[in-house]
Amino acid sequence: MIQVFVTNVYSRLSDYTEELEKHLTVPYPKYWFSQKYKMGLWDGMYHFLKIPSLKFPTGLLFLVEEFSQQAGLRLEVVDQRHCPISDLGKALSRVSPRMLSGIVLRDYQVEAVRAAVSQGRGILELPTGSGKTEIAIAITKALGLRTLFLVHTRDLLYQTAERFRKRLDSGTRIGIIGDQEFEVEEITVATVQSLSSRMKSDLSTTRKLLSWFEVMFQDETHHSSAPTFFKIGMFMHNAYFRMGLSGTALRRDVLSNMKVMALTGDIIYRLQTTELIERGTLSDIEIRMIENSEIVSGTTWQQIYERGVVQC
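Right, dumping it as structure tokens:
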């Protein structure tokens, strides 16, 4: 029997098989161009299961469980995590369509919030226009824990912070880290770039800050395979609740997809654009191609655009 000791960020196996190690190993994109690979100094693979420590990202625990079941391996999960909420039932009882200010959550948004609160970690994959930010705000309110919401642009930094202020109770303070601002509150929105810069200048203090939060949101989580995103997420040792938000979470190469799941786990709630169109939440689109009768010309890009696009 193999035991797996689970913590928020990493899990450790008591033993392993070569087949299990291969299951957690994926190739780097275009590894064959690497000089180290050509010289036989590197196998071109990313090994998520580290030898000899036998540690792997906890987000991939579901893959270990699936493999063990298929391979007939006896696996005992020893969960050493401490959930900061003693009664999840109480948190779930706070979830309702009218739990936020100025908006009534749609049925699928309520479903997504319940899935996140009850499962603790995972990816919420919903299309643009579905209200993913409102879902995250509702999760934050239901949990009532120290929360860090990670974004990748300055515009999203301010937009997201304003949405939190608008949807939560009056007087709720929202911290901002980014664009030369550094204000930490129990609910904080931060750019990955600013946190990355702070890690370079003061790694110890930044790691302590990241470990202070109990909930992590990765906005546009398909970006989280990038080194800066990934490192920040893996430094959040006390974040029991770990959520990724995206419309296209796992649409890249295998390594990128594995890194995304390593931070948060598998997709726990998914809704397609077609489903929202059928529900009437999103409008259907119609694309018409307009033929130009002649090839337009001009001396500047603006002239060509106006004649060929605007005036056609």
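Numbered according to this note's numbering, the sequence shown spans residues 29 to 340.
Idealized CB from N, CA, C, for every residue including glycine.
What are the start and end residues of the alpha helix (DSSP H) that includes residue i?
i    : result
D294 : Where D294 is concerned, there is no enclosing alpha helix (DSSP H), given that its DSSP letter is neither H nor E.
V92  : 89-99
Y136 : 135-147
F258 : 255-262
Y56  : No alpha helix (DSSP H) contains Y56, which DSSP labels as neither H nor E.
L237 : 231-240
D183 : 182-195
L171 : 160-171
L116 : 116-121
I350 : Nothing about residue 350 can be read from this structure; the chain reaches only from 29 to 340.
Q63  : 63-66
Please tell me whether residue i and residue j are closer than 8 Å, where the distance is taken between their beta carbons.
i    : j    : result
R134 : T309 : yes
S232 : K287 : no
V217 : A189 : yes
F241 : M271 : no
K194 : M127 : no
R235 : F263 : yes
I295 : A277 : yes
Y297 : A143 : yes
R149 : G293 : yes
V32  : L101 : no
D247 : L184 : yes
G72  : Y56  : yes
K160 : L273 : yes
V212 : G206 : no
Name the two residues that bound the continuous beta strand (DSSP E) containing residue i.
i    : result
K83  : 83-85
L176 : 175-179
E204 : Before going on, a small fix: residue 204 reads as Ile here, not Glu. First-last of the beta strand (DSSP E) with I204: 202-206.
L273 : 269-274
S39  : 38-41
Y74  : 73-75
T302 : Unbroken run through T302 is the alpha helix (DSSP H), 301-307; no beta strand (DSSP E).
I215 : 215-219
By Cβ distance below 8 Å, which residues in the same chain neighbour residue i in space, the five residues on each side in sequence not counted?
i    : result
P155 : G275, L299, Q300, T301, L304, L310
I332 : V324, S325, G326
T181 : T219
L89  : V32, V34, S39, V105, G293
V132 : P125, R126
K64  : W70
From the options, pick the residue whose C-alpha is nearest to that of residue i; which is it?
i    : options                : result
D281 : H251, M271, G261       : H251
I318 : V337, F257, S239       : V337
I215 : V54, H265, A166        : A166
K228 : T256, E211, V212       : T256
D312 : I202, Q330, G157, E334 : G157
Q208 : D197, V220, R201, E248 : V220
K50  : R102, I260, M29, L91   : L91
R174 : T161, L52, L237        : L237
L116 : Q147, E93, P125        : Q147
S129 : S198, K66, L176, Q97   : S198
Can you list, in chain order, the residues of its chain whose CB lies under 7 Å from that of residue i, leaving out five sequence neighbours each side?
i    : result
I163 : Q137, A140, V141, L152
L171 : I113, A119, V145, V243, F269
H265 : N36, V37, S239
M29  : R102, E104
Enumerate in chain order the residues of its own chain whose CB-to-CB distance from residue i is below 6 Å, with the five nearest sequence positions on each side excluded.
i    : result
Y54  : Note that residue 54 is Val in the sequence shown, not Tyr. Excluding positions up to five away in sequence, the list reads Y74, V282, L283, M286.
S224 : T256
T328 : none
Q330 : none
L291 : G87, S252, G261
Touch check for the segment 120-127 and the segment 78-85: three-plus C-beta pairs under 8 Å? Contact fails: fewer than three Cβ-Cβ distances are below 8 Å.
Sufficient close CB pairs (3 or more, under 8 Å) joining the segment 104-119 to the segment 31-39: Taking a cut-off of 8 Å for Cβ pairs, the segment 104-119 and the segment 31-39 touch, as three or more such pairs fall below it.
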